[in-house]
Structures are given as structure tokens and as C-alpha cells.
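Here the structure comes first, spelled out in C-alpha cells, and everything after it is commentary.
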Amino acid sequence: MQKQSVIVAKFGGSSLADAEQFRKVKTIIEENPARRFVVPSAPGRRGEGDEKVTDLLYRCYAEACAGREFMGLLGQIQERYREISSSLGLGLSLEHEFAVIGQAFQARAGEQYAASRGEYLNGLLLAAYLGYPFVDAAEVIRFDPKGRFQDERTNFFLQDRLRGMARAVIPGFYGADDAGNIHTFSRGGSDVTGALVARAVQAGLYENWTDVPGFLLADPGIVDRPRKIDAMTYAELRELSYRGATVLHEEAVYPVRREGISIHIRNTNHPEERGTVIRSRLSPEEETAITGIAGRKHFTAISIAKNRLNAQTGFARKLLEAFEENELAFEHMPSGIDTICVILPCAEYERKKDAIMDSLQRLLQPDKIKVDDDMALVTVVGRGMRSVSGIAARFFTALGDARVNIKMIDMGSNEINCTIGVSNRDFETAIRALYDALVE
Ligand code: ASP
Numbered sequence: 010m011q012k013q014s015v016i017v018a019k020f021g022g023s024s025l026a027d028a029e030q031f032r033k034v035k036t037i038i039e040e041n042p043a044r045r046f047v048v049p050s051a052p053g054r055r056g057e058g059d060e061k062v063t064d065l066l067y068r069c070y071a072e073a074c075a076g077r078e079f080m081g082l083l084g085q086i087q088e089r090y091r092e093i094s095s096s097l098g099l100g101l102s103l104e105h106e107f108a109v110i111g112q113a114f115q116a117r118a119g120e121q122y123a124a125s126r127g128e129y130l131n132g133l134l135l136a137a138y139l140g141y142p143f144v145d146a147a148e149v150i151r152f153d154p155k156g157r158f159q160d161e162r163t164n165f166f167l168q169d170r171l172r173g174m175a176r177a178v179i180p181g182f183y184g185a186d187d188a189g190n191i192h193t194f195s196r197g198g199s200d201v202t203g204a205l206v207a208r209a210v211q212a213g214l215y216e217n218w219t220d221v222p223g224f225l226l227a228d229p230g231i232v233d234r235p236r237k238i239d240a241m242t243y244a245e246l247r248e249l250s251y252r253g254a255t256v257l258h259e260e261a262v263y264p265v266r267r268e269g270i271s272i273h274i275r276n277t278n279h280p281e282e283r284g285t286v287i288r289s290r291l292s293p294e295e296e297t298a299i300t301g302i303a304g305r306k307h308f309t310a311i312s313i314a315k316n317r318l319n320a321q322t323g324f325a326r327k328l329l330e331a332f333e334e335n336e337l338a339f340e341h342m343p344s345g346i347d348t349i350c351v352i353l354p355c356a357e358y359e360r361k362k363d364a365i366m367d368s369l370q371r372l373l374q375p376d377k378i379k380v381d382d383d384m385a386l387v388t389v390v391g392r393g394m395r396s397v398s399g400i401a402a403r404f405f406t407a408l409g410d411a412r413v414n415i416k417m418i419d420m421g422s423n424e425i426n427c428t429i430g431v432s433n434r435d436f437e438t439a440i441r442a443l444y445d446a447l448v449e
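This note's numbering numbers the first residue of the sequence shown as 10 and each following residue consecutively.
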């Protein structure tokens, strides 16, 4: 398969929520013959108050497991697909499929099996509507029996199955182990399937069609009508998603990044808009100082003080050992001369509080340990952090003017991000202040 000639197009749940959305999707696909491989999500919300099919499936399966009547709810789900199918004039009956699903629910086929049926059925419908062959993800996306994703085997199976196929619809979100048991990725995982397919067919582009204009420079729930990001690098995307910007599943980046396949986030409801492009390098015109501002609340900072810490060898190793033996990952580790601080999510800390304190005491014999459990992290991402002078001055002035107290500063070693720790209550104020000062 030739690079550049193939586009893998993934459509999110809201892009396929009803027949009207299916029509838009078909128009988009037919407009460019390079859109040969299509990865659908399950039907999403059709508006306020509506429920996603995936959520309905989880709920329905929980009823089945509790031994309660669930056929009514399953019937509602069937009705959603029937509506789409009949409005599109597809002579496709899903009667048999639903009979199988009903029996499988009765037999407790598993929550992941239940959830996966949303994508499976939507894939069948979309394939019929587009006239594309259907490839069941259970055949090509591989997990081990414990539900751990198998990357290399998946790539092998996908390449093998899709080689020589001109087109296909491959449902997102799930796969299977060798015994045929279904496993899913975490929520939003159809993005991951799309990226895996893009890698397998060596696509020139991975299009991710959704219901937003692209990545925004800040959370619109915090900043009033933030600007859209036109282009960014994978590294910046990684920083932003990690800090809470949710457009793309975190795990969807690595398969395409390694192959140098660009990702293009686009809006199914406004295909004329430019969206957001993500690639390894940007052209000088695409360079902006600040790519985005994002953050998350509820972190705990553990500060460990020990006299002459700077002169001791092995201190950091023992510190990390304490975290490792408790299977705790950390987010940041800023340090001073006699103190070192480890920041991790509050929930993680709470889970292992006593054990980690014991380990730290035993391994480090510190002079003092201080715990601050009121920390939110705010990260500013952008190449300008390194190359534009005066950014740091504006950054700190803005926070000072907004009376935000900074508890921690960490400039990432890749120099495309700067993270600060503030009180949870200052989180929104800090983001707004930084946005106004650095972007507007
Ligand atoms: N349908 C699944 C979910 O709701 C997966 C996806 O949409 O990507 O999480």
C-alpha cells in the first residue's frame, strides 16, 4: 500500500448518532477516494439528555448480572439501530445479532463483550451503508487472556487481513484474545483502533472526525471562547492530553507518531473547517509561541527534607525505590538543595498513604516529611517556552496580578512545557490569567 494514498478515517459516536449523521459521514467519505479504511464508534448522544449506546450497554449488562429483567433495555438499544437502518433504507436486519447478544448477556459473557457490541453493530450498519466490506475487530485487534493489549501481534494481524483490501470498515474500541473472548480499550478507545489501522496500512493521514472544531487552546468550560489550535506537534499533544485536554485518547498517539503519520482532527458537522493538524514538525508559519494551557486538580505533594541531601549519593534512587515498592507512579519531582518533592494524584496517595510513609522513613531516614494535599497542576505548552524571550516574565506577572500563589514550578526538560502547582481553588483563575496574558 502506498503512503500518501490512504486515509484512515475514524468517526466518533456523535458523528454516527443517527441517520442524519450517517449521511454526513457518507458524503465525507465519498468526497475523497483515499478514505479507504473507516473506523466507527458506537452511536453517541443525539442531544441533551440522550444516552450513548455504550452507556446503555453497560447499564443493560449490569441489569442482566443482577438477575433483573434486561430485555426491555436491550430492546431500546435495538430500536436505535433499527431507526438508523430504516431511515437509511438499508435492508439490514439485526434481529439475529440481537438474539445472540441477548443470549450472551444471559450467559454473562462479560462487561467488555457487552460494551463492544455498540461498535460492532454500528460497524455492520456503516459497512452496509457505504458498501464497504466489514472486518470484525475481534479478528485483528489482539489482547492476551488477561485483557492486556498486544501491540505487535495486532499489527501483524491487521496488516495480514487488510493487505490487498481496497476498503474496509473496522469497528473501534475492542478486540479479542486467541480464545475469542472480547476485550476493550479504555473509554474513548476507538481513537486507538483508528491509529492502529493507520499504522498497519501505512496511511498518509489519520483523520479523526468528531463534533468539535479541533483542539482548543484552553478548556472552554474555564476560558470564554478560547482560540483553536491549528497545528501542533505530537510532543505538544501528549503534554496537553496528559494535562486534561480531552479530544483524543492518550494511547492513540504512539502508533502513528512512530510512523510519522499525521493526525487531523476534523468536525463532521463542519467539514469545511480546518480542524487541528498534529505532526512531528511544524512549518515556520505554523509556529506559535503557546500551543495550549491545560491542567488537572487534586494532587498531593510530598516534600522530603534532609540536611546535606545534595551531597548524598543514592538518595534519589532510594526515594524512587520507595515509590516503586508501593507501585506508585509520580508526576513531578522538583528538588532543592536539602529537599526533594514528589507530586502524585491525591487518589493514588490516599490509597497507599501509610505504606509509602513507612517506606520513605525506612529507606531515607529524612529529617522531615511534609504533605500538601491541596494542589492543582497547570501546564503551559508551546515551543515558545524555549524560544521567545519574555514569556516567563509574562507568565509569572499574570499569576501575580491575579493573586494566584504559586506553590511549585517545574520547567519540563524538553522545554516545551512549564508546569506550576497552585491551590485547587486557584485553578480556574490561574488558567484564565495565563490565557489572557499569553494568548490574547
Ligand atoms: N464507545 C466507546 C466509549 O463510549 C468507545 C469510543 O467511543 O471510542 O467509550
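Ideal Cβ positions, reconstructed from N, Cα and C, are used throughout, including at glycine.
query: How big is the Cα-Cα spacing for Leu203 and Phe143?; result: For the record, residue 203 in the displayed sequence is Gly; it is not Leu. Straight-line Cα distance between these residues: approximately 15 Å.
query: Can you have a look at Ser94 and say buried or exposed, based on whether 16 or more other CB atoms are within 10 angstroms of its CB?; result: buried
query: How many angstroms separate the CA atom of Val390 from the CA atom of Leu249?; result: 7 Å
query: Could you confirm whether any beta carbon from chain C is found closer than 7 Å to the beta carbon of Thr242?; result: Chain labels in this structure do not include chain C; a single protein chain is all it has.
query: Thinking just about the alpha-carbon of each residue, which of Ile86, Tyr141, Gly98 is nearest to the one in Glu29?; result: Gly98
query: Scan the segment 39 to 82 and note each continuous alpha helix (DSSP H) run of 4 residues or more that stays entirely inside, going in chain order.; result: 62 to 74
query: I need the straight-line Cα distance from Val34 to Ala146, nearest angstrom please.; result: 20 Å
query: Residues in the same chain with beta-carbon distance under 6 Å from Pro154, minus the five sequence neighbours each way, listed in chain order, please.; result: Asp186
query: Compare the Cα-Cα distances from Val286 to each of Gly223, Glu334, Phe404, Val397 and report the closest residue.; result: Gly223
query: Could you tell me the distance, in whole angstroms, from the CA atom of Gln321 to the CA atom of Leu337?; result: 24 Å
query: Any chance you could list the alpha helix (DSSP H) runs of at least 4 consecutive residues sitting entirely within the segment 184 to 254, in chain order?; result: 199 to 209, 243 to 251
query: Does Leu353 come out as helix, strand or coil in the three-state DSSP assignment?; result: strand
query: Return the chain-ordered ranges of every alpha helix (DSSP H) run that is complete within the segment 264 to 337 and spans a minimum of 4 residues.; result: 324 to 334
query: Give me the Cα-Cα distance between Gln168 and Pro180, rounded to the nearest whole angstrom.; result: 16 Å
query: Taking Val387 as part of the beta strand (DSSP E), name the residues at either end of that continuous run.; result: 377 to 390
query: Only counting runs of 4 or more residues, tell me where the alpha helix (DSSP H) segments fall wholly within the segment 80 to 157, in order along the chain.; result: 80 to 96, 104 to 115, 120 to 139, 146 to 149
query: Excluding the 5 residues preceding and the 5 following Pro229 in the sequence, name in chain order all residues of the same chain whose CB lies nearer than 8 Å to its CB.; result: Pro235
query: Can you tell me the Cβ-Cβ gap for Val15 and Val210, rounded? I've got them flagged as a contact below 8 Å.; result: 5 Å
query: Considering Cα atoms alone, identify which of Glu40, Arg117, Lys19 is closest to Tyr67.; result: Arg117
query: Can you look up Met394 in the DSSP assignment and give me helix, strand or coil?; result: helix
query: Could you say which of Met417, Gly198, Ile238 lies nearest to Glu260 if we only look at CA atoms?; result: Gly198
query: CB of Ala185 to nearest heavy atom of the ligand ASP: below 6 Å?; result: no
query: What three-state label does DSSP hand Phe31 in the structure shown?; result: helix
query: Where does Ser416 sit, in a helix, a strand or coil, going by DSSP?; result: Reading the sequence as shown, one finds Lys at residue 416 and not Ser. Lys416 falls in the coil class under three-state DSSP.
query: DSSP state of Ser344, grouped into three classes?; result: strand
query: So what's Ile429 in DSSP terms, helix, strand or just coil?; result: strand
query: I'd like to check one pair, Tyr70 with Phe7: are the Cβ atoms closer than 7 Å?; result: With the chain covering only 10 through 449, there is no way to say anything about residue 7.
query: Going by the DSSP bridge assignment, what does Val448 pair with across the sheet?; result: In DSSP, Val448 forms no bridge with anything.
query: Note down, in chain order, each residue of its chain lying with its Cβ closer than 6 Å to the Cβ of Asn520, except the 5 sequence neighbours on either side.; result: Only positions 10 to 449 of the chain appear in the structure, and residue 520 is not among them; the question remains open.
query: Kindly examine the ligand ASP and report whether one of its heavy atoms sits closer than 6 Å to the Cβ of Ser368.; result: no
query: Do the CB positions of Arg44 and Val232 come within less than 7 Å of each other?; result: no
query: Can you list, in chain order, the residues of its chain with a C-beta nearer than 6 Å to that of Lys327? Leave out the 5 residues immediately preceding and following it.; result: Leu372, Leu373
query: Taking buried to mean at least 16 other C-beta atoms within 10 Å of its own C-beta, is His512 buried or exposed?; result: The question about residue 512 has no answer, for the chain in this structure spans 10 to 449.
query: Short of 7 Å in beta carbon distance, which residues of its chain neighbour Lys379, apart from the five on each side in sequence? Order them along the chain.; result: Ser312
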